[in-house]
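In the working numbering, the protein residues as written are 314 to 556.
The structure appears right after this line, and notes come after that.
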């Protein structure tokens, strides 16, 4: 059952793989954001076996700020975004958690937008949609957008939800719900899997808010590709039809 426990701490889960160019800016932005209602942050960084300087940059940053709200998890090999998030969920101490990519596509200052339905007592889960509202969006890939919208609608057909952006990174989830989900996907199949499993939680209250999106090009480090889209279709079928 969803919990109405007041939010005192928000756990921010940051899975990262080979993001030496952006991780410092992301950590700084997450650390500096002020949350509504005096809510504290627990910042969990999961380095997913990076082969560049990402791990070293994270360690140096933690040493320089000396902030006890940080937790660093080091994976010896690359296992994927979903695997990293699972490691973060079991270490989350906040009443709610949110997922933050280690690039600059999403703005941590918008955590408060996602928190508002929770603070108003309406939501257990909040999705941040890149396709709603008046927030700025970088204009990039037509077919990537079509693919995202197709996957969302295909997912909605099975979950009976009316989401506009199932594939979004920004999912704010009641931690007591997240810890009870049996999650298996190691890569980007995590998004349709967790959506399918959240949709089956008894009496869960799911909301969606508009967020901004500063998308990257592939030469700027974007990692998801058409193969991940095909796998997402399989995950929608797998986790909705076969549990």
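Cβ coordinates follow ideal geometry from the N, Cα and C atoms, glycine included.
Would you call the stretch 491 to 508 and the stretch 457 to 473 in contact, with 3 or more CB pairs under 8 Å?
Verdict: yes, contact present.
Going straight from the alpha carbon of residue 534 to that of residue 427, what length do you get?
Here residue 534 scores only 48 on pLDDT, less than 50, and its place in the model should not be relied on; the value that follows carries that caveat. Each residue's Cα considered, the two are about 26 Å apart.
Answer with buried or exposed for residue 552, where buried requires no fewer than 16 other C-beta atoms within 10 angstroms of its C-beta.
Under this definition residue 552 is a buried residue.
Just list the residues that DSSP pairs residue 387 with in beta bridges.
For residue 387, which the question treats as bridged, DSSP gives the partners 360.
Span of the beta strand (DSSP E) around residue 397:
Note, residue 397: premise wrong, no beta strand (DSSP E); alpha helix (DSSP H) at 394 to 402.
Is it true that the stretch 376 to 389 meets the stretch 437 to 444, where meeting means three or more beta-carbon pairs spaced less than 8 Å apart?
Judged by Cβ distances under 8 Å, the stretch 376 to 389 makes no contact with the stretch 437 to 444, as fewer than three pairs qualify.
Which same chain residues, not among the five before or five after residue 549, have their C-beta less than 8 Å away from its C-beta?
Once the five neighbours on either side are set aside, the close Cβ partners of residue 549 are 464, 467, 468, 471, 505 and 509.
By DSSP, does residue 465 sit in helix, in strand, or in coil?
The answer is helix: DSSP assigns residue 465 an H, G or I state.
Would you kindly work out how many angstroms separate the C-alpha atoms of residue 448 and residue 333, rounded to a whole number?
Cα to Cα, residue 448 sits roughly 27 Å from residue 333.
Can you check whether the CB of residue 336 is closer than 8 Å to the CB of residue 364?
No, these two residues do not count as a Cβ contact at 8 Å.
Coil, strand or helix - residue 321 by DSSP
Here residue 321 carries a coil assignment [DSSP, helix/strand/coil].
My guess is that residue 324 and residue 406 are in contact by the Cβ rule of under 8 Å, so how many angstroms apart are they, rounded?
Confirmed, about 6 Å.
Have a look at the DSSP bridge pairing and note the partners of residue 412.
Beta-bridge pairing by DSSP links residue 412 to 326.
Which same chain residues, not among the five before or five after residue 607, have their C-beta less than 8 Å away from its C-beta?
As shown, the chain starts at 314 and ends at 556. That puts residue 607 outside it, with no answer to give.
Exposed or buried, which one is residue 493 when buried takes at least 16 other CB atoms within 10 Å?
It is exposed - the Cβ of residue 493 has fewer than 16 other Cβ atoms within 10 Å.
Selection from 498, 357 and 491 that minimises the alpha carbon distance to residue 512
Comparing Cα positions, the closest option is 491.
For residue 485, report the span of its beta strand (DSSP E) as first-last.
Residue 485 -> beta strand (DSSP E) spans 484 to 487.
Within 10 angstroms of its Cβ, does residue 531 collect 16 or more other Cβ (buried), or is it exposed?
Note that residue 531 has pLDDT 48, beneath the 50 cutoff, so the model's placement of it is unreliable and the number below is only indicative. Exposed, by the Cβ-count rule.
Name, in chain order, the residues that DSSP records as bridge partners for residue 523.
Answer is 442, bridged to residue 523.
Residue from 499, 545, 327 and 496 whose Cα sits closest to the Cα of residue 411
When only C-alpha atoms are compared, the closest one is 327.
Could you check if residue 418 is buried or exposed, using at least 16 other CB atoms within 10 Å of its CB as the buried criterion?
Buried, since its Cβ has 16 or more Cβ neighbours within 10 Å.
So what's residue 551 in DSSP terms, helix, strand or just coil?
In this structure, residue 551 counts as helix in the three-state DSSP scheme.
Expressed to the nearest angstrom, what Euclidean distance is found between the alpha-carbon atoms of residue 388 and residue 362?
Answer to the nearest angstrom: the Cα atoms are 5 Å apart.
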